[in-house]
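Notes to accompany the following structure.
Protein chains: 4
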Amino acid sequence: MRLHQAQSVLLMIDFQAGLLPVIEGGEAAIKEAAWLAGIASELQVPIWLTEQYPERLGGTAPALLDGLGQHEVWQKLHFSATEEAPFTQALAALERKQVVVCGTEAHICVLQSALGLLEAGYEVFWLSEATASRRPEEARLARERACANGAVAVTADMVAYEWLYRCDTATFKEVHQRFLKPRSAQAVTFY
Amino acid sequence: MRLHQAQSVLLMIDFQAGLLPVIEGGEAAIKEAAWLAGIASELQVPIWLTEQYPERLGGTAPALLDGLGQHEVWQKLHFSATEEAPFTQALAALERKQVVVCGTEAHICVLQSALGLLEAGYEVFWLSEATASRRPEEARLARERACANGAVAVTADMVAYEWLYRCDTATFKEVHQRFLKPRSAQAVTFY
Amino acid sequence: MRLHQAQSVLLMIDFQAGLLPVIEGGEAAIKEAAWLAGIASELQVPIWLTEQYPERLGGTAPALLDGLGQHEVWQKLHFSATEEAPFTQALAALERKQVVVCGTEAHICVLQSALGLLEAGYEVFWLSEATASRRPEEARLARERACANGAVAVTADMVAYEWLYRCDTATFKEVHQRFLKPRSAQAVTFY
Amino acid sequence: MRLHQAQSVLLMIDFQAGLLPVIEGGEAAIKEAAWLAGIASELQVPIWLTEQYPERLGGTAPALLDGLGQHEVWQKLHFSATEEAPFTQALAALERKQVVVCGTEAHICVLQSALGLLEAGYEVFWLSEATASRRPEEARLARERACANGAVAVTADMVAYEWLYRCDTATFKEVHQRFLKPRSAQAVTFY
Numbered sequence: 001m002r003l004h005q006a007q008s009v010l011l012m013i014d015f016q017a018g019l020l021p022v023i024e025g026g027e028a029a030i031k032e033a034a035w036l037a038g039i040a041s042e043l044q045v046p047i048w049l050t051e052q053y054p055e056r057l058g059g060t061a062p063a064l065l066d067g068l069g070q071h072e073v074w075q076k077l078h079f080s081a082t083e084e085a086p087f088t089q090a091l092a093a094l095e096r097k098q099v100v101v102c103g104t105e106a107h108i109c110v111l112q113s114a115l116g117l118l119e120a121g122y123e124v125f126w127l128s129e130a131t132a133s134r135r136p137e138e139a140r141l142a143r144e145r146a147c148a149n150g151a152v153a154v155t156a157d158m159v160a161y162e163w164l165y166r167c168d169t170a171t172f173k174e175v176h177q178r179f180l181k182p183r184s185a186q187a188v189t190f191y
Numbered sequence: 001m002r003l004h005q006a007q008s009v010l011l012m013i014d015f016q017a018g019l020l021p022v023i024e025g026g027e028a029a030i031k032e033a034a035w036l037a038g039i040a041s042e043l044q045v046p047i048w049l050t051e052q053y054p055e056r057l058g059g060t061a062p063a064l065l066d067g068l069g070q071h072e073v074w075q076k077l078h079f080s081a082t083e084e085a086p087f088t089q090a091l092a093a094l095e096r097k098q099v100v101v102c103g104t105e106a107h108i109c110v111l112q113s114a115l116g117l118l119e120a121g122y123e124v125f126w127l128s129e130a131t132a133s134r135r136p137e138e139a140r141l142a143r144e145r146a147c148a149n150g151a152v153a154v155t156a157d158m159v160a161y162e163w164l165y166r167c168d169t170a171t172f173k174e175v176h177q178r179f180l181k182p183r184s185a186q187a188v189t190f191y
Numbered sequence: 001m002r003l004h005q006a007q008s009v010l011l012m013i014d015f016q017a018g019l020l021p022v023i024e025g026g027e028a029a030i031k032e033a034a035w036l037a038g039i040a041s042e043l044q045v046p047i048w049l050t051e052q053y054p055e056r057l058g059g060t061a062p063a064l065l066d067g068l069g070q071h072e073v074w075q076k077l078h079f080s081a082t083e084e085a086p087f088t089q090a091l092a093a094l095e096r097k098q099v100v101v102c103g104t105e106a107h108i109c110v111l112q113s114a115l116g117l118l119e120a121g122y123e124v125f126w127l128s129e130a131t132a133s134r135r136p137e138e139a140r141l142a143r144e145r146a147c148a149n150g151a152v153a154v155t156a157d158m159v160a161y162e163w164l165y166r167c168d169t170a171t172f173k174e175v176h177q178r179f180l181k182p183r184s185a186q187a188v189t190f191y
Numbered sequence: 001m002r003l004h005q006a007q008s009v010l011l012m013i014d015f016q017a018g019l020l021p022v023i024e025g026g027e028a029a030i031k032e033a034a035w036l037a038g039i040a041s042e043l044q045v046p047i048w049l050t051e052q053y054p055e056r057l058g059g060t061a062p063a064l065l066d067g068l069g070q071h072e073v074w075q076k077l078h079f080s081a082t083e084e085a086p087f088t089q090a091l092a093a094l095e096r097k098q099v100v101v102c103g104t105e106a107h108i109c110v111l112q113s114a115l116g117l118l119e120a121g122y123e124v125f126w127l128s129e130a131t132a133s134r135r136p137e138e139a140r141l142a143r144e145r146a147c148a149n150g151a152v153a154v155t156a157d158m159v160a161y162e163w164l165y166r167c168d169t170a171t172f173k174e175v176h177q178r179f180l181k182p183r184s185a186q187a188v189t190f191y
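As they're listed, the protein sequences go chains A, B, C and D. Following UniProt numbering, the numbering of the first sequence begins with 1 at its first residue and continues without gaps. Following UniProt numbering, the numbering of the second sequence begins with 1 at its first residue and continues without gaps. Following UniProt numbering, the numbering of the third sequence begins with 1 at its first residue and continues without gaps. Following UniProt numbering, the numbering of the fourth sequence begins with 1 at its first residue and continues without gaps.
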């Protein structure tokens, strides 16, 4: 199954200031998530954030919040976002069945949320390079477990090009100029 | 599928004194298993041990038994625990459908037991880092084969947080203080 | 499922001059694809090429076109070839259900085309060593995702021997002499 | 699914003198296959060999034949043994549904035979360490493809202990003494 812009939600789990310093690869994960969030904003894909027990773990990291477009923040006490009724009801109300997940820690809150979403019938896309744990081995096993349960591992580039769908639109040119081209010395100029 | 405390059993296969000296990573496996067993005790998850032909291979290793809470020990002659009727009848009587398996050797007694449990309809969670063989390559292939048959590879941390379910309980605080926090220099203080 | 010569199409996605210089392993991918295309020609397996927005990305690379036998070229604006009606109609008209895919970039146009073909009911064979992306990690994840959706990863050698089916034919001897034997210092002389 | 002695056949594909010199890891594969064949003989598991076009590729390698117990040899011209009617009819007549496959080359004759057996309804066990190709990468991809189609990757040790089933029999003691114990400096004395 491919991603469709009109069916997608970008869900960023617990990218919190109190967690990030101990996460292996946490900064790179934030950077990757922020890049895709920029494209999501451009394409009107809803951006949702969760925060686990923010009184203790702090709010969402400034590295992600700075420059982030319109978004919603959901606080939670369960490790899985899907155990919080307001979140699940609001998500159902969006009527979008494809959820791109990322965040920290891969093997705790991201994994439990992904499994809960799969159980609820959503298509779950695991944004590998924007998902991290204290131990990289656990991030890897979390991805494998999510995928064994039906999630699909993706890169931000895959998501972007599937949302964009075709190359002869004004939207593609805009996103290409602002996001795709600047990202890499090897960006293809016109695709 | 996620793990639930009320549905789980922790099954530790053949961590026996006569086997451990030849197992690659045997000590680390015991340590991982013992850590999760401590949490299982705290959460009233039944802890079951098997011993293969103990007259020859010796009893369960002291490194696991020392400090282990309430548990049951099952002796066996078949490589798979599921071929021993008293074991399978008692397990059915528990009415818990999720079995977290670990032990030695991964590719013989743990694997055969896991496959037998899957055939009998249990959900099997393969505790990768607490499961070992003489040759690490065989432990890896055993995990792959178990997973190809429906088992789910997990880490002890995954299991612990799924059993704990939410962070605003007295149980979480107790387990966090005694098990989660001391485990790593990078433990998150409050989660 | 095995490949059958009479059911196969070789589909080469966007091996374009404007893309190749930035593709990691692009030259090796072209070489592998060209080798299999030679055998496809010999066995009357249709060879189809796509080109993404050739005004911008250039036509198919000369390294592939030079010496290429009879083939058809399809231009496209969607990243997935399956979103272009003339392509999908012509493919259906071939009445061949096995599509061997390769090309660049693995995680964009090859992946989207492969997923589209799978959705349309084709058997898709992912020619790993003839499929590449700017970042090798994305080529790997693209293959994993295609396979999780039902594609089958193959090598050119696998495809060749499945098309050839048996070793006691004049066709085998011809293909062996011209393609199999020269390929490697370790070629088996008579198979 | 576990292996059962009474349901198994050991099928060794094309371990031929003319192929072995160019196979990466060919000698180790033969050694592994010969070790398991010794146990198969002891347990009355039928041992079948195939030879591809022996006039050209030579007969089965002496390293495998020397000391090999009762066995049957099938010559073939198709790369897949399952395309030879006498072979498939005789296999069906055995009324054993579990086939342990190994041999050379992994990605050609072993793979095609394994896929053919799976299509015919057999359970196929891929003996990884006794299966090899000129390029190890192709042996790895062949295993992945076979497993994606339903085959199960196993080691010789897994097969042996599943066939043996329990440790308190005269057969186990005999096989342990002759095969399991001598194999490794780390053999467990009594299991």
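Beta carbons: idealized from backbone N, C-alpha and C, even for Gly. Remember, it's a predicted structure, so these values are computed and weren't measured experimentally.
Quick one: what's got a C-beta closer than 6 Å to residue i's C-beta in the same chain, skipping five residues either side?
{"i": "cysteine 147 of chain A", "result": "Ala153"}
{"i": "serine 80 of chain A", "result": "Gln112, Ser113 and Gly116"}
{"i": "leucine 43 of chain A", "result": "Gln5 and Trp163"}
{"i": "leucine 64 of chain B", "result": "Phe15, Ile30 and Ala34"}
{"i": "phenylalanine 125 of chain B", "result": "Val100, Val152 and Val154"}
With distances taken Cα to Cα, identify the nearest neighbour of residue i among the options.
{"i": "glutamate 144 of chain C", "options": "C:Gly18, C:Phe172, C:His107 and C:Gln177", "result": "C:His107"}
{"i": "alanine 34 of chain C", "options": "C:Glu174, C:Cys167, C:Asp157 and C:Tyr191", "result": "C:Asp157"}
{"i": "threonine 104 of chain D", "options": "D:Lys76, D:Ala130, D:Tyr122 and D:Leu64", "result": "D:Ala130"}
{"i": "glycine 121 of chain B", "options": "B:Glu95, B:Leu65 and B:Arg2", "result": "B:Glu95"}
{"i": "leucine 11 of chain B", "options": "B:Gln75, B:Leu180, B:Val175 and B:Gly150", "result": "B:Gln75"}
{"i": "serine 133 of chain D", "options": "D:Gln70, D:Gln16 and D:Met1", "result": "D:Gln16"}
{"i": "glutamate 24 of chain C", "options": "C:Glu174, C:Val9, C:His176 and C:Arg135", "result": "C:Arg135"}
{"i": "histidine 176 of chain D", "options": "D:Ala28, D:Ile39 and D:Val9", "result": "D:Ile39"}
{"i": "valine 9 of chain D", "options": "D:Ser41, D:Met1 and D:Ala28", "result": "D:Ser41"}
Checking 8 Å against the spacing of the C-beta atoms, do residue i and residue j come in under that value?
{"i": "isoleucine 30 of chain D", "j": "cysteine 109 of chain D", "result": "no"}
{"i": "leucine 36 of chain C", "j": "alanine 160 of chain C", "result": "yes"}
{"i": "arginine 56 of chain A", "j": "glycine 26 of chain A", "result": "no"}
{"i": "threonine 155 of chain C", "j": "leucine 164 of chain C", "result": "no"}
{"i": "leucine 49 of chain A", "j": "valine 22 of chain A", "result": "no"}
{"i": "glycine 67 of chain D", "j": "isoleucine 47 of chain D", "result": "no"}
Assign residue i to one of three DSSP states: helix, strand, or coil.
{"i": "threonine 155 of chain A", "result": "coil"}
{"i": "histidine 78 of chain C", "result": "strand"}
{"i": "residue 192 of chain B", "result": "This structure gives no information on residue 192 of chain B, because the portion of chain B shown stretches from 1 to 191."}
{"i": "threonine 88 of chain D", "result": "helix"}
{"i": "threonine 169 of chain B", "result": "coil"}
{"i": "phenylalanine 125 of chain D", "result": "strand"}
{"i": "glutamate 162 of chain A", "result": "helix"}
{"i": "glycine 116 of chain B", "result": "helix"}
{"i": "leucine 20 of chain D", "result": "helix"}
{"i": "valine 100 of chain B", "result": "strand"}
{"i": "alanine 130 of chain B", "result": "strand"}
{"i": "serine 184 of chain B", "result": "coil"}
{"i": "leucine 111 of chain C", "result": "helix"}
{"i": "glutamate 95 of chain C", "result": "coil"}
{"i": "glutamate 137 of chain D", "result": "helix"}
{"i": "glutamate 27 of chain D", "result": "helix"}
Give every residue of the same chain whose Cβ lies closer than 8 Å to the Cβ of residue i, excluding the five residues on either side of it in the sequence, and list them in chain order.
{"i": "glutamate 119 of chain D", "result": "Thr82"}
{"i": "glutamate 32 of chain C", "result": "Cys102, Leu127, Glu129, Ala130 and Ala156"}
{"i": "glutamate 51 of chain D", "result": "Asp14, Gln16, Leu57, Gly59, Thr60, Val73, Trp74, Gln75 and Lys76"}
{"i": "arginine 166 of chain C", "result": "Phe172"}
{"i": "residue 192 of chain A", "result": "Absent from the model: residue 192 of chain A. The displayed extent of chain A is 1 to 191, so no value can be given."}
Could you round the C-beta distance between residue i and residue j to whole angstroms and report it? I think they count as a contact, below 8 Å.
{"i": "alanine 53 of chain C", "j": "leucine 77 of chain C", "result": "The amino acid at residue 53 of chain C is misidentified as alanine; the sequence shows tyrosine. 6 Å between Cβ atoms; contact."}
{"i": "alanine 61 of chain B", "j": "leucine 20 of chain B", "result": "5 Å"}
{"i": "glutamate 123 of chain C", "j": "glutamine 89 of chain C", "result": "Going by Cβ atoms, the distance from glutamate 123 of chain C to glutamine 89 of chain C rounds to 19 Å, so no, they are not a contact pair."}
So which residues of chain E does residue i contact, with C-beta pairs closer than 9 Å?
{"i": "glutamine 52 of chain C", "result": "The structure shown contains no chain E; its protein chains are A, B, C and D."}
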